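Asks: Quick one: the structure is below, and I'll ask about it shortly.
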Amino acid sequence: MSSKVYFETVADQWDAMRRGFFTDALRDKAIARAAVSAGRAAADLGAGTGFISEGLLHRGVKVIAVDQSAAMLDALRHKLGHGRGLDCRVGEAERLPIDDAAVDYVFANMYLHHVESPAAAIKEMARILKPGGRVVITDLDTHDVSFLLTEHHDRWPGFDRDVLTRWLADAGLSEVTVVNAGEECCAQSGCGCKSARISVFLAHGVKRAVPSPLAEA
Ligand SMILES: C[S@@+](CC[C@H](N)C(=O)[O-])C[C@H]1O[C@@H](n2cnc3c(N)ncnc32)[C@H](O)[C@@H]1O
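First residue of the sequence shown: 773, per this note's numbering; consecutive thereafter.
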């Protein structure tokens, strides 16, 4: 089963599943790191049923929610309502359906370990950010929990923080930090015989402002 088919299948149950994996504290920490302001625009990538989107809308931030799964976005719309600052778009990590320099913030919670090419996905995040905009990625540290790959269709067994730091810098982002979020992702295998607690990192970067020609003269 592909990751896309997996998420289409679990869309109706995702909110309940997600509550078992991680807590609302992770969302609060991610949003706090970006120091969001009401009236600004954010992209929630791999939005799923809107875990991050909901927190952003609650703070008056407009949201473009992108996901490969139409079923996930249907569930998100059903829960949060269409309009009122929410714009849902089906799209792929390496070709986001968002214009260049369109948003002030990019969020990606538990998304990167599912995408085929994480470095290319991060370059796409930088592309859609306005100069001065911030990206916040929350995801799994490197782990050796094989049932997450076989049962949850994760593509990557988490990420090394140094590698992630390099990918963010290579995408042209500055003020890059990748730190322990102080949160864990908890999961159980289908048989109930294996369980995992994986630490979560919080990565941050800022898109450099375009230097003014006058400043360079
Ligand atoms: C683990 S879920 C996380 C959902 C949500 N961010 C949350 O925290 O509840 C990963 C989401 O990323 C989406 N996704 C995975 N690979 C993707 C890709 N290549 N392009 C776009 N979305 C993708 C999945 O469909 C799924 O909804």
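We put the CB at the ideal spot given by N, CA and C, even for glycine.
Keep in mind that this is a model prediction, so the values were computed, not measured.
1) Identify whether Glu947 lies in helix, strand or coil by the three-state DSSP scheme.
2) Please classify Asp932: does DSSP put it in a helix, a strand, or coil?
3) Consider the C-beta atom of Thr922 and the heavy atoms of ligand 1; say whether any pair is separated by less than 7 Å.
4) Would Ile900 and Ala874 be called neighbours here (beta carbons separated by less than 8 Å)?
5) Any residues whose CB sits closer than 5 Å to a heavy atom of ligand 1? List them in chain order?
6) Report the partner residues of Asp926 according to the DSSP bridge assignment.
7) What does the alpha-carbon distance come out to for the pair Asp934 and Asp871?
8) Flag this pair as yes or no: are the beta carbons of Thr821 and Ala783 separated by less than 8 Å?
9) When the Cα atoms are used, what is the spatial distance from Ala943 to Ala898?
10) Buried or exposed, going by whether 16 or more other CB atoms sit within 10 Å of the CB of Arg906?
11) Would you grab the beta carbon distance between Arg980 and Ser946 for me? Rounded to a whole angstrom, and I think it's under 8 Å.
12) For Thr949 and His915, what's the separation of their Cα atoms in angstroms?
13) Between the Cα of Pro929 and those of Val887, Ala892, Leu848, spot the shortest distance and give me the residue it belongs to.
Replies: Straight from the coordinates:
1) Reduced to three states, the DSSP call for Glu947 is strand.
2) Shown here, Asp932 sits in coil according to DSSP, grouped into three states, outside any helix or strand.
3) Because no heavy atom of ligand 1 lies under 7 Å away, the Cβ of Thr922 does not count as near it: no.
4) Yes, the Cβ-Cβ distance between Ile900 and Ala874 is below 8 Å.
5) Counting every residue whose Cβ lies closer than 5 Å to a heavy atom of ligand 1, we get Phe779, Arg790, Gly818, Gly820, Phe823, Asp839, Gln840, Ser841, Met844, Glu864, Ala865, Asn881, Met882, Tyr883, His886, Val887.
6) None, per the DSSP bridge assignment.
7) Linking Asp934 to Asp871 through their CA atoms gives a straight-line distance of about 29 Å.
8) Cβ atoms of Thr821 and Ala783: closer than 8 Å.
9) Those two C-alpha atoms are separated by around 6 Å.
10) So Arg906 counts as buried.
11) Between the beta-carbon of Arg980 and that of Ser946 there is about 5 Å, and that keeps the pair under the 8 Å contact cut.
12) Going by the C-alpha atoms only, they are around 20 Å apart.
13) Checking every option, the nearest Cα to that of Pro929 belongs to Val887.
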